[in-house]
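Read left to right, the sequence shown gives residues 54 to 386 (my numbering).
Even glycine gets a Cβ: it sits at the ideal position worked out from N, Cα and C.
A quick note: this is a predicted structure, and the numbers were derived from the prediction, not measured.
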Amino acid sequence: MTEEPLFQKLALVGMGLIGSSLARAARAHHAVERIAALDASPSVLARVRELRIADEADGDAAGALRDADLVILCTPVGALGAVAREIAPYLQRGAILSDVGSVKGSVVAQVAPHVPPGVRFVPAHPLAGTEFSGPDAGFATLFHNRWCLLTPLAGEDEAVEALAEFWKRLGARVETMTTEHHDLALAITSHLPHLIAYNIVGTADHLEKVTESEVIKFSASGFRDFTRIAASDPTMWRDVFLHNKAAVLEMLARFNADLSALQGLIERGDGDGLFDLFTRTRAIRRSVVEQGQDTAAPDFGRGALNEGGRPKSAISGDPPSTSPMRDPPPSIR
Ligand code: NAP
C-alpha cells in the first residue's frame, strides 16, 4: 500500500547531486505530492526537465515556491545566504525551510537572518554523497541507511519532527545535534579526510617525474582511493573549508601532532608502536562495516556503480529499485 505523502509540495533549490537525488528519492518513496525545482543554471534546469525528475522546472522562483510546504536548499554552502535572501519573499507562511549543507554553523548564520516570520527553519545535513556532481549523478537510493543530521534551532520541535519523518521516509537514519557539535565531528570524519586526499594527490602531482607514469600506472594501491575523494566537486569543497575554518584548523592541528608522533615511531624504529596503532585502526574499520556505513568488498562496493557514480541498475527518473542489489556504498560526506 502506498503511504500518504508527508508534504504537498517540495521545492528544491540547486539540482545537482544532492538536489536531484532528493527529487528522485522523494518521488520514489511518495514522500511529497509535487516537486518543483530551481537552479541558477538554465542548462541544469533543462536537464531536470529531460530527466523528468520534477513536476515544475521552469526557473520561476515565485511559481516554484507557491504552495511549497517544504523547501530544501541544495546549493554549495557559499551560495546559501544569497539564495535564502532571493527566495525569502516567496516562502509561504508555515513552510519548513531546510538545507543539506555540509557545514552548519555558517549556514545558520547565513540563512537565519532571511527567514520570514512564520517560516520554520531546520538545518540538515545528509551524510551521503559521491564524488560526482550535477543532475545526472543523483539517484533515489543515495540516502538509504545513511545518517541525516538535523541541527535545530530552539522552538521548532514540530518542524523538526516533520522533517525527520521526511528523511526517514527516504530511507535515512536521523539524529539531532547542535551546530557546533556537527561542525567539529564532520571536520574530523569528512572534511579532514578530503583535505588529506587533496593534499596527497597534489603532492604526487608536484613530483612530476613520478606522476608522468608511475602514479597512474601503479595507482591500484592506496593512492587510487585518495584520487577518488580528490575528484570531489571543487566548488563544494572550497566552500566547506572556507565555512568550517575554525573546526577544520583545530582538527588539522591535532592531525599534525599525531602525524609527527607517527613520524617519531618510524624514526625510532618502534615496530610495536606502529603495530599497536594499526591494530586499533583496523578495529575501527571493522566497526564502520558492522554498523552498515560501508561494505567489506575489496573495491568498497564500487563495482556496483556505473561511471557516473550511480547504481548500475538506476535509470533516468529512478523508479524504486526492486533489484536485490544492496544499496551502493556512497562515501560519507
Ligand atoms: P552540485 O552537484 O554541484 O549541485 C549544486 C547545484 O546548485 C548546481 O546545479 C549549481 O549550479 C546550483 N547552484 C549554485 N549556486 C546556485 C544559486 N545561487 N542558486 C541556485 N542554484 C545554484 O553539488 P552537490 O554535491 O549536490 O552539493 C550541494 C550541497 O549539498 C552542498 O551544500 C554540499 O555541501 C551538500 N552536500 C554534498 C554532498 C556530496 O557528497 N556531494 C553530501 C552531503 C551534502 P551550477 O552547476 O551552475 O553552479
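{"Item": "Nonlocal neighbours in the same chain, by C-beta distance under 8 Å from glutamate 24, ignoring five residues either side", "Value": "Nothing can be reported for residue 24, as the shown portion of the chain is limited to 54 through 386."}
{"Item": "Rounded separation between leucine 65 and glutamate 139 - CA only", "Value": "14 Å"}
{"Item": "The segment 212-219 touching the segment 91-110, judged by at least three CB pairs closer than 8 Å", "Value": "no"}
{"Item": "heavy atom of the ligand NAP below 8 Å from valine 124 C-beta", "Value": "no"}
{"Item": "Reference glutamine 145; option with closest CA among Ala299, Val254, Pro169 and Val156", "Value": "Pro169"}
{"Item": "Contact test: proline 390 Cβ vs the ligand NAP heavy atom, cutoff 8 Å", "Value": "The first residue shown for the chain is 54 and the last is 386, placing residue 390 beyond what the model contains."}
{"Item": "Cross-strand partners of valine 254 (DSSP beta bridge)", "Value": "In the DSSP output, where bridge partners are listed per residue, valine 254 has none listed."}
{"Item": "3 or more residues per run - each beta strand (DSSP E) lying fully within the segment 63-98", "Value": "85-91"}
{"Item": "Distance, leucine 260 Cα to threonine 348 Cα", "Value": "33 Å"}
{"Item": "Supposed contact pair leucine 223 and phenylalanine 196 - C-beta distance, whole angstroms, cut 8 Å", "Value": "5 Å"}
{"Item": "Assigned secondary structure, histidine 235 (DSSP; H/G/I helix, E/B strand, else coil)", "Value": "helix"}
{"Item": "Methionine 289: CB within 8 Å of a non-hydrogen atom of the ligand NAP", "Value": "yes"}
{"Item": "Beta-carbon gap between serine 155 and valine 124 smaller than 9 Å", "Value": "no"}
{"Item": "Local conformation of glutamate 56 per DSSP, three classes", "Value": "coil"}
{"Item": "Identified DSSP bridge partners for cysteine 201", "Value": "Pro179 and Val227"}
{"Item": "Inter-residue spacing [alpha-carbon to alpha-carbon] between serine 313 and glutamate 303", "Value": "16 Å"}
{"Item": "Outcome for valine 153 when other beta-carbon atoms lying within 10 angstroms are tallied against a minimum of 16", "Value": "buried"}
{"Item": "Distance CB(alanine 84)-CB(phenylalanine 219) smaller than 9 Å", "Value": "yes"}
{"Item": "With 16 other Cβ atoms within 10 Å as the buried cut-off, status of lysine 157", "Value": "buried"}
{"Item": "Aspartate 278 - containing alpha helix (DSSP H), residue span", "Value": "275-282"}
{"Item": "Any C-beta of chain B under 9 Å from that of alanine 79", "Value": "Of the chains in the structure shown, none is chain B; there is only one protein chain."}
{"Item": "beta-carbon serine 94 near the ligand NAP non-hydrogen atom, thresh 8 Å", "Value": "yes"}
{"Item": "For alanine 121 and lysine 62, believed in contact at Cβ under 8 Å, the rounded distance", "Value": "5 Å"}
{"Item": "Unbroken alpha helix (DSSP H) run spanning aspartate 292, endpoints", "Value": "287-296"}
{"Item": "Nearest-angstrom Cβ-Cβ length linking leucine 202 and leucine 180, presumed shorter than 8 Å", "Value": "7 Å"}
{"Item": "Rounded straight-line distance, which links the Cα of lysine 298 to that of arginine 80", "Value": "36 Å"}
{"Item": "Outcome for glycine 322 when other beta-carbon atoms lying within 10 angstroms are tallied against a minimum of 16", "Value": "exposed"}
{"Item": "Closest by C-alpha distance to leucine 296, when choosing among Asp236, Ala225 and Gly361", "Value": "Sequence check: residue 296 is histidine here, not leucine. Minimum Cα distance to histidine 296 is reached at Asp236."}
{"Item": "Collapsed DSSP secondary structure at glutamate 109 in the structure displayed", "Value": "strand"}
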